[in-house]
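So the structure is just underneath, and the comments pick up after that.
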Amino acid sequence: MSLTVLGLSGALNHDPSAALYIDGKLVAAVEEERLVRDKHAKNRMPYESAKFCLEQAGITPDDVDVVAIPFAPISILEKARWHYAKRYWYAPERSLDAIFAGNRRFHRYYKKIQWCLEQLGFDLKKIKIEPVEHHLAHAASAYLCSGFEEKTAIMGIDGKGEYATTFFGYGEKGKIYKIKEFYDPDSLGGLYGAMTEFLGFEMLDGEFKVMGMAPYGNPDLYDLSRLAKFEDGELVINTEYANVVGLRRYKEKGKGYYFTPKLIEWLGPKREGDIADDPYIHYAASVQALFEKLALEMMDYYLGDIIKETGRLAFAGGSALNVKLNQKIIERDEIKELFVQPAAGDAGTAVGAAALISQRKGVPVEKMEHVYLGPEYTNEEIIAACAKHPDQPKWEKIDNVPERIAKIMVDGNPVAWFQGRMEFGPRALGGRSIIGCPSVPNVADRINEQIKFRERWRPFCPSMLDTVAPKMLKVDHPSPFMTFTFEVSDEWKERVPEVVHEDGTSRAQVLERQHHPRWYDLMVELEKLTGNGVSLNTSLNRRGEAMVCSPKDALDMFFGSDLQYLIMEDILVTKDGKDNNV
Numbered sequence: 001m002s003l004t005v006l007g008l009s010g011a012l013n014h015d016p017s018a019a020l021y022i023d024g025k026l027v028a029a030v031e032e033e034r035l036v037r038d039k040h041a042k043n044r045m046p047y048e049s050a051k052f053c054l055e056q057a058g059i060t061p062d063d064v065d066v067v068a069i070p071f072a073p074i075s076i077l078e079k080a081r082w083h084y085a086k087r088y089w090y091a092p093e094r095s096l097d098a099i100f101a102g103n104r105r106f107h108r109y110y111k112k113i114q115w116c117l118e119q120l121g122f123d124l125k126k127i128k129i130e131p132v133e134h135h136l137a138h139a140a141s142a143y144l145c146s147g148f149e150e151k152t153a154i155m156g157i158d159g160k161g162e163y164a165t166t167f168f169g170y171g172e173k174g175k176i177y178k179i180k181e182f183y184d185p186d187s188l189g190g191l192y193g194a195m196t197e198f199l200g201f202e203m204l205d206g207e208f209k210v211m212g213m214a215p216y217g218n219p220d221l222y223d224l225s226r227l228a229k230f231e232d233g234e235l236v237i238n239t240e241y242a243n244v245v246g247l248r249r250y251k252e253k254g255k256g257y258y259f260t261p262k263l264i265e266w267l268g269p270k271r272e273g274d275i276a277d278d279p280y281i282h283y284a285a286s287v288q289a290l291f292e293k294l295a296l297e298m299m300d301y302y303l304g305d306i307i308k309e310t311g312r313l314a315f316a317g318g319s320a321l322n323v324k325l326n327q328k329i330i331e332r333d334e335i336k337e338l339f340v341q342p343a344a345g346d347a348g349t350a351v352g353a354a355a356l357i358s359q360r361k362g363v364p365v366e367k368m369e370h371v372y373l374g375p376e377y378t379n380e381e382i383i384a385a386c387a388k389h390p391d392q393p394k395w396e397k398i399d400n401v402p403e404r405i406a407k408i409m410v411d412g413n414p415v416a417w418f419q420g421r422m423e424f425g426p427r428a429l430g431g432r433s434i435i436g437c438p439s440v441p442n443v444a445d446r447i448n449e450q451i452k453f454r455e456r457w458r459p460f461c462p463s464m465l466d467t468v469a470p471k472m473l474k475v476d477h478p479s480p481f482m483t484f485t486f487e488v489s490d491e492w493k494e495r496v497p498e499v500v501h502e503d504g505t506s507r508a509q510v511l512e513r514q515h516h517p518r519w520y521d522l523m524v525e526l527e528k529l530t531g532n533g534v535s536l537n538t539s540l541n542r543r544g545e546a547m548v549c550s551p552k553d554a555l556d557m558f559f560g561s562d563l564q565y566l567i568m569e570d571i572l573v574t575k576d577g578k579d580n581n582v
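Laid out in structure tokens, this is it:
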């Protein structure tokens, strides 16, 4: 049976994306932000991303059998809308809206999707649009893409979808069964987001920064347990402090936050600026510890028996990108393997919705082995971009790229690395990366201060050969997508200090050559020169910008930073004064 399913996300006004399955194979997936150069692409529809997916596959709208969207109407007969109405009693207009017009957001989104499809050339009379509940799409993006054959526990934790905030269930023989959901405002992801705002960052963007700040603090100095509790199988967030709407919000300079003035009275003013200092580092450590404690308690309560039975867990939702929680999970004896959807946030729901509809229509989807699903460019297209660029790039075509670039890195230089198809998801995994030799002192500081312009306390991550991982990392677990942190062995802390965080861990990508041979071969060359088959790897972008997609994007970033070397496929771009014959 032939089946083509286009998944489109963006129901929650951020991180729209598109994903295309043809006969169970994921042939393309991309976030709208990369194509329109607007981080998180708020209030946009996935127009450019859908267009790319169709072009990549060489098909037209008429070839698409069904469009799947990760947002669905929720019945008034279900608990969700009533729970929301009850918990938001202090904002009666929200409560009443949930009961009497509880699917208003869905209908608005559905109309926008129809408009988007019309712009792309779809005939609305012919195309079938299949809504999938948001958390079911997250669950599908984890379980159906995991490749697990056994019965699999499924966990989804994020801010919220339609009303649900948390999903526990299991997958068996390609079907997903729901065990329990929690509903807004009882959201662990929402609480972490609210505390992200209090700690001076933007919700849906700064959660990684809180996680990076946490190891500098002491979680025992401040007890934040009054913010949330998990008792008798129910999660309850204390809305005296967080996950609030309307008049209960703390407001500053005309902006409302997801926490209350009472939180400020308790913990002091919200953090400003780039410095990670007292008491905020301790608040970050404490909220991370509370998040881990509650997530593990919920997991044990609802999924413990299934995990003990088969050892398999699939995890998605924005909170699945909390690599410290994931480290705690994989360190457990009963866990044989944890699969975290690499695009665990809302962008990944395009994959999940499409995968679920494909499965329901009798076409199972393949295991997600890699994320190289975006655009790629030829040497000729790269040379043309150089010719058009106002900064008149100095370039040459080089042979043996891994060998040449490894030498430049070992000489102490960071390099912008642009190779093959762009990654799907928030992690740079060797398609669009800034790389450096992790045994060169201070290379991480240089990238932070002169190239990325980001907070200096944020860690950098290693990508490594699969032959290195068993020696460097203390837990043996597949890690192709940088979704886990690992304890680093003492010897390797000395060997590659630039990619080891304050707490002695690294968020590692462990490579297999088949998925990106040139990236793997670069590590081989580094190993020949330094004895370490490891590269520092961070995303190819500046602070506040979406990851680079095209050669023009890469050149703009290159000339807007202190980078001296940019390699795009076989084209090496250097700045004036650099020896082109390194």
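Here UniProt numbering is used: position 328 in the sequence shown is 328, and no number is missing along the way.
Positions of the beta carbon are idealized from the N, C-alpha and C atoms, including for glycine.
These figures come from a predicted structure and were not determined experimentally.
request  = Give the single residue among Gly121, Pro215, Ile237 whose Cα lies nearest to the Cα of Arg87.
outcome  = For the purposes of this step, residue 87 is taken as residue 87 along the sequence shown, with counting starting at 1. Measuring from the Cα of Arg87, the nearest candidate turns out to be Ile237.
message = As a quick exercise: from Ala50, Glu48, Ser49, Glu33, pick the residue whose alpha carbon is nearest that of Lys42.
response = Sequence index remark: in the sequence shown, residue 42 carries index 42 (1-based). The shortest C-alpha separation from Lys42 is found at Glu33.
task = Report the residue from Leu540, Glu240, Glu569 whose alpha carbon sits nearest the alpha carbon of Pro261.
result = As a working mapping, residue 261 is identified with position 261 in the sequence shown. Selected option, being the one with the closest Cα: Glu240.
query = Can you give the Cα-Cα distance for Lys126 and Lys474, rounded to whole angstroms?
reply = Here residue 126 refers to the residue found at position 126 of the sequence shown. Here residue 474 refers to the residue found at position 474 of the sequence shown. Near 54 Å, if we compare the C-alpha coordinates of Lys474 and Lys126.
key: Spatial neighbours of Gln509 in its chain, beta-carbon cut-off 8 Å, leaving aside the 5 residues before and after   = Mapped onto the sequence shown, residue 509 falls at position 509. Result list for Gln509: Arg427, Leu429, Gly430, Cys461, Pro462, Ser463, Met464, Ser479, Pro480, Phe481, Met482, Asn537, in chain order.
Own chain residues within Cβ distance below 6 Å of Leu6, not counting five before or after = For the purposes of this step, residue 6 is taken as residue 6 along the sequence shown, with counting starting at 1. Taken in chain order, the residues that qualify are Leu20, Val64, Val67.
message = Looking at Phe418: is its Cβ nearer than 8 Å to the Cβ of Ala554?
response = Stepping through the sequence shown from its first residue, residue 418 is reached at position 418. Stepping through the sequence shown from its first residue, residue 554 is reached at position 554. Yes, they are a contact pair.
task = Look at Cys437 and Met409 and say whether their C-beta atoms are less than 8 Å apart.
result = For the purposes of this step, residue 437 is identified with residue 437 of the sequence shown, where counting begins at 1. For the purposes of this step, residue 409 is identified with residue 409 of the sequence shown, where counting begins at 1. Their beta carbons are under 8 Å apart, which means Cys437 touches Met409 by this criterion.
ask   = In whole angstroms, what separates the C-alpha of Val340 from that of Gln392?
value = In the sequence shown, the residue the question calls residue 340 occupies position 340. In the sequence shown, the residue the question calls residue 392 occupies position 392. Answer to the nearest angstrom: the Cα atoms are 42 Å apart.
query = Over what stretch of residues does the beta strand (DSSP E) that includes Asn537 continue unbroken?
reply = Numbered from its first residue, the sequence shown carries residue 537 at position 537. 534-539 is the extent of the beta strand (DSSP E) around Asn537.
ask   = Over what stretch of residues does the alpha helix (DSSP H) that includes Leu212 continue unbroken?
value = Position 212 of the sequence shown, counted from the first residue, corresponds to residue 212. Checking the sequence, you will find Gly at residue 212 rather than Leu. First-last of the alpha helix (DSSP H) with Gly212: 207-213.
message = So, for Gln114: in the same chain, excluding its five sequence neighbours on each side, which residues have a beta-carbon less than 8 Å away from its beta-carbon?
response = Working through the sequence shown from its first residue, we reach residue 114 at position 114. Hits under 8 Å: Leu124, Ile129.
message = What does the Cβ neighbour count give for Glu150, buried or exposed, with the cut at 16 atoms within 10 Å?
response = Sequence index remark: in the sequence shown, residue 150 carries index 150 (1-based). Answer is exposed; the Cβ neighbour count stays below 16.
message = Can you confirm whether the segment 193-211 touches the segment 170-181 when touching is taken to mean that 3 or more C-beta pairs between the two stretches lie within less than 8 Å?
response = no
key: Option nearest Ala214 by Cα separation, candidates Met195, Leu8, Asp562   = Counted from its first residue, the sequence shown places residue 214 at position 214. Per the Cα distances, Met195.
message = Quick check on Ile76: buried or exposed, where buried means 16 or more other Cβ atoms within 10 Å of its Cβ?
response = Stepping through the sequence shown from its first residue, residue 76 is reached at position 76. Exposed, because fewer than 16 other Cβ atoms sit within 10 Å of the Cβ of Ile76.
request  = Could you have a look at Ala142 and say whether DSSP puts it in helix, strand or coil?
outcome  = Position 142 of the sequence shown holds residue 142. Residue state, collapsed to three classes: helix.
query = Looking only at its own chain, which residues have a Cβ that is under 7 Å from the Cβ of residue 585, when we skip the five neighbours before and after it?
reply = One cannot answer for residue 585 here, as it falls past the ends of the chain, which runs 1 to 582.
inquiry  = One question on the structure: do Tyr192 and Phe291 come within less than 8 Å of each other, judged by their Cβ atoms?
reply    = What you label residue 192 is simply residue 192 of the sequence shown in a count that begins at 1. What you label residue 291 is simply residue 291 of the sequence shown in a count that begins at 1. Yes, the Cβ-Cβ distance between Tyr192 and Phe291 is below 8 Å.
request  = Using three-state DSSP, classify Tyr283 as helix, strand or coil.
outcome  = Within the sequence shown, numbered from 1, the residue matching residue 283 stands at position 283. Three-state result, Tyr283: helix.
message = Quick test of your reading: Leu563 and Pro414, contact by CB under 8 Å. State the CB separation rounded to the nearest angstrom.
response = In the sequence shown, residue 563 corresponds to position 563, counting from 1. In the sequence shown, residue 414 corresponds to position 414, counting from 1. Correct: roughly 6 Å between the Cβ atoms.
message = Let me make sure I understand the geometry here. Which of Ala316, Phe559, Leu263 has the alpha-carbon closest to that of Arg226?
response = Numbered from 1 along the sequence shown, position 226 holds the residue referred to as residue 226. Arg226 has its Cα closest to that of Leu263, out of Ala316, Phe559, Leu263.
query = If you run the structure through DSSP and keep just helix, strand and coil, what is Val371?
reply = As a first step, residue 371 must be located in the sequence shown, where it is residue number 371. Coil.
message = Tell me the DSSP secondary structure of Gly256 in three-state form.
response = In the sequence shown, counting from the first residue as 1, residue 256 sits at position 256. It is a strand residue.
Delimiting residues of the alpha helix (DSSP H) encompassing Ala350 = For the purposes of this step, residue 350 is taken as the residue at position 350 of the sequence shown. Per DSSP, Ala350 belongs to the alpha helix (DSSP H) from 349-360.
message = If you reduce the DSSP assignment to three classes, tell me which class Gln419 lands in.
response = Translated into the one-based positions of the sequence shown, residue 419 becomes position 419. Gln419: coil per DSSP, three-state reduction.
Cβ shell of Thr60 (< 8 Å), same chain only, five flanking positions each side left out = As a first step, residue 60 is located in the sequence shown; it is residue number 60 there, counting from the start. Counting only Cβ-Cβ distances below 8 Å, and skipping sequence neighbours, we find Leu54, Gly121.
inquiry  = Just to confirm my understanding: we take Asn379, look at its own chain, exclude 5 residues before and 5 after, and list those with CB closer than 7 Å. What are they?
reply    = The residue given as residue 379 occupies position 379 in the sequence shown. Cβ within range, chain order: Lys397, Glu569, Asp570, Ile571.
query = In chain order, which beta strand (DSSP E) runs of at least 3 residues are fully inside the segment 275-351?
reply = 312-316, 337-340
ask   = Between which two residues does the alpha helix (DSSP H) harbouring Leu35 extend?
value = Here residue 35 refers to the residue found at position 35 when the sequence shown is read from its first residue. Counting along the chain, the alpha helix (DSSP H) containing Leu35 begins and ends at 32-36.
message = I need the straight-line Cα distance from Gly268 to Glu197, nearest angstrom please.
response = The residue given as residue 268 occupies position 268 in the sequence shown. The residue given as residue 197 occupies position 197 in the sequence shown. Cα to Cα, Gly268 sits roughly 13 Å from Glu197.
query = Where are the beta strand (DSSP E) runs, 3 residues long or more, that stay fully inside the segment 396-479, in chain order?
reply = 415-418, 432-436, 461-465
request  = Sort out for me which residues DSSP pairs Val572 with in a bridge.
outcome  = Residue 572 sits at position 572 when you count from the first residue of the sequence shown. Note that residue 572 is Leu in the sequence shown, not Val. According to DSSP, which records beta bridges pairwise, Leu572 is partnered with Glu396, Ile567.
ask   = With which residues is Ser506 paired in a DSSP beta bridge?
value = Looking up residue 506 in the sequence shown gives position 506. Note: Ser506 sits in a beta bridge opposite Phe486.
query = Could you give the distance in angstroms between the alpha-carbon of Leu529 and the alpha-carbon of Pro517?
reply = Position 529 of the sequence shown, counted from the first residue, corresponds to residue 529. Position 517 of the sequence shown, counted from the first residue, corresponds to residue 517. For Leu529 and Pro517, the distance between alpha carbons rounds to 19 Å.
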